[in-house]
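Here is the structure we will look at, set down as structure tokens.
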Ligand code: AMP
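Numbering (our numbering), first residue to last: 1 to 705.
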């Protein structure tokens, strides 16, 4: 109906038109909700989606008679009241039998094989660690949501479940054809994603409220809120995986049911497999266990189900659980053990880190005997004391963590732990600055040098590894990953990403470096491999070898090999290198440990020889044989002297730090100093910045008047 038509339409016609539009909008909104939640493939932006919702809301406000219970605008309803009404489940909601290890799982498959005479197809799914939920749809419309309760009677949580965005308020039309009964009870798990859980607890902490122990409790608690508006904010999600009465749907098995659920608009977990053999089942379990930590939600095992509904019926139930399904539970991730001592590690930056020494205990498949306690604040916050029985946790591949003490088992007289007053490594007094978490040893004799050497290597004038700051180096050293400059080149982006930054977030989680920074560093390290030899030489931090000296040396000895072969006398003949410097270089290069580091640098791909002039540079070597000295600041171009020097060298020039008779040209920028005076005194031609820029633009040697 055009606006023109609307002018002449009757009220009935207008209402009819609005009804058509509202229904079209609902279908469209449902379709995009389906794409977003069930398929994880949104096609329109959040803003466009909101705009559709807004139009529907406006229409419904204008014509309240058009509002339906299943309209996407009707997710949040009124108060639940004091109690949740009891709901009798049409079919009992059973629990599952458990297999505590792979052997028990194999034994269960053996029993199935015995009962049926063969091993049928088995559907393998993740066991989502949330709260069970039963959703009833009458004629395709959500009418009730209930918790499991005792399996026979649950609680009515419809108003709250309606606020969960991935629960369709009505089923997609495409899926209705397979329904064989007026009412369907569909089941699944309502859970809280790890990220939402962390956010929720951070807010609780900020408000001085007790945090939830885990995402499962948080999900169950959020589901039982009196006010659905609170539930709505909790960011719950669902995975559907079951049907109360499989006779109500024309599908033959579990795997097909999951497909239908997805088709009907539900969020269905993508990690499913239809296994054809016991081996495939065991492999699935192992694979899931490995990736458990990287999933955005908690799981506590794998559920294996006989796929065919006909066979399920044949196998039946025990009093408690179906015979046709089993839950393979992951080994526990938390154990208790004795905290036998708290020792202190001195990092290369001088920071003292308390470490929990534990009675060795097997947690999630590996033995844990030590765990960092990060800092004194952390020790006090967790209130762990020597002699305590503590809870140790290890989730997936994650580093072990001491969660806290079992207070009732604390031995009498256990004292709060304190930092030692002196450094356990060198005995100097420990410093603690106000406002700082860290306790430090600042003695020069404590091995802090290592850190400094590494920092020098990556610095601007040396290898210029952009982003490799002191904090990151400190962590690389403290974690034992990098102890000399060659170790830098063994780091991958994947490893850097997980680097524990030695700090904890508000909710007690270790802060890691992260992907973006890791990739940046990996690139910067890669780029640094191609720096000129002078940078390498300077970066090694040889005593008395500054930047200019390094450049003078490599101009004569353009490869590390040539340098290593040079005698002290030969080195001393280089302009700007006296006997002291020559001796220092010679000694450094002849020290076996240093030779080894240099060799490893070479093997890692760090360039240890300069290209011969003109080689591979692509620039005309118009300045070959000329020596330049730069002084003052280059204000016109904004180039640093280093950059200008590199540009000249790229054209074949040598660049020196001091003016002598051998100097061909001095380039004098703004506020040039004594080098300018010396050039004038020696009769060396002086170029201004404009002349320099002309060289770089034209690639022609300077013209001297
Ligand atoms: P339990 O509570 O340990 O007896 O385990 C049974 C519960 O596991 C069921 O009531 C479900 O809530 C839950 N569960 C989680 N994921 C699944 C799944 N994929 N299939 C069946 N049950 C599951």
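Virtual Cβ for every residue (Gly too), placed ideally from N, Cα, C. All values reported here derive from a predicted model rather than from experimental measurement.
For residue i, does the three-state DSSP call read helix, strand or coil?
i, result
"residue 419", "coil"
"residue 187", "strand"
"residue 622", "coil"
"residue 98", "strand"
"residue 359", "strand"
"residue 444", "Because the pLDDT of residue 444 is 45, which lies under 50, any placement of that residue in the model is unreliable, and the number read from its coordinates should be weighed accordingly. Coil."
"residue 63", "coil"
"residue 331", "coil"
"residue 397", "Bear in mind that the predicted position of residue 397 carries a pLDDT of just 47, short of 50, making it too unreliable to give a figure here."
"residue 45", "coil"
"residue 196", "helix"
"residue 341", "strand"
"residue 154", "strand"
"residue 413", "coil"
"residue 37", "helix"
"residue 131", "strand"
"residue 436", "coil"
"residue 325", "strand"
"residue 213", "coil"
"residue 123", "strand"
"residue 536", "helix"
"residue 548", "helix"
"residue 138", "strand"
"residue 404", "strand"
"residue 703", "coil"
"residue 168", "coil"
"residue 542", "coil"
"residue 73", "helix"
Within the continuous beta strand (DSSP E) that includes residue i, where are the two ends?
i, result
"residue 226", "Segment: none, residue 226 is in no beta strand (DSSP E) and carries neither H nor E."
"residue 715", "In this structure the chain extends from 1 to 705, so residue 715 is not present and cannot be described."
"residue 369", "366-372"
"residue 142", "141-147"
"residue 689", "Counting along the chain, residue 689 falls outside any beta strand (DSSP E), though it belongs to the alpha helix (DSSP H) covering 689-698."
"residue 88", "86-88"
"residue 656", "654-656"
Do residue j and residue i have their beta-carbon atoms positioned less than 8 Å apart in this structure?
i, j, result
"residue 713", "residue 73", "Residue 713 lies beyond the stretch modelled for the chain, which goes from 1 to 705, so this question has no answer here."
"residue 457", "residue 539", "yes"
"residue 190", "residue 277", "no"
"residue 634", "residue 665", "no"
"residue 272", "residue 258", "yes"
"residue 513", "residue 501", "yes"
"residue 42", "residue 36", "yes"
"residue 723", "residue 242", "Past the boundaries of the shown model lies residue 723; the chain is included only from 1 to 705, so the question cannot be answered."
"residue 331", "residue 371", "no"
"residue 552", "residue 577", "yes"
"residue 265", "residue 171", "yes"
"residue 564", "residue 533", "no"
"residue 528", "residue 485", "no"
"residue 367", "residue 355", "no"
"residue 336", "residue 345", "no"
"residue 129", "residue 298", "yes"
"residue 301", "residue 134", "no"
"residue 178", "residue 87", "no"
"residue 631", "residue 673", "yes"
"residue 262", "residue 38", "yes"
"residue 195", "residue 296", "yes"
"residue 71", "residue 26", "yes"
"residue 473", "residue 454", "yes"
For the alpha helix (DSSP H) that residue i lies in, which residues bound it at each end?
i, result
"residue 33", "11-33"
"residue 680", "674-682"
"residue 643", "641-649"
"residue 382", "376-382"
"residue 6", "3-8"
### Query
Does the segment 90-101 come within contact of the segment 194-201, defined as at least 3 CB pairs closer than 8 Å?
no
- Report yes or no: do three or more beta-carbon pairs, one from the segment 680-695 and one from the segment 649-662, lie closer than 8 Å? yes
Check: Taking the runs of the beta strand (DSSP E) that are 3 residues or longer, which of them lie wholly in the segment 464-515?
Finding: 500-504 and 510-512
Notebook entry, point to check: At which residue ranges does the segment 555-632 contain complete alpha helix (DSSP H) runs of 4 or more residues, listed in the order of the chain?
Noted result: 560-565, 568-572, 579-590 and 592-603
Can you check the segment 233-318 for any alpha helix (DSSP H) of at least 4 residues that lies completely inside it and give the ranges in chain order? 254-264, 278-291 and 309-315
- Task: Would you check if the segment 400-413 and the segment 365-384 touch, i.e. whether three or more CB-CB distances between them fall below 8 Å?
- Result: yes
Task: Any 3 or more C-beta pairs closer than 8 Å across the segment 311-328 and the segment 101-118 - done: yes
Examine the Cβ distances between the segment 134-152 and the segment 208-219 and report whether three or more of them are shorter than 8 Å. Three or more Cβ pairs closer than 8 Å define a contact, and the segment 134-152 falls short of that threshold against the segment 208-219.
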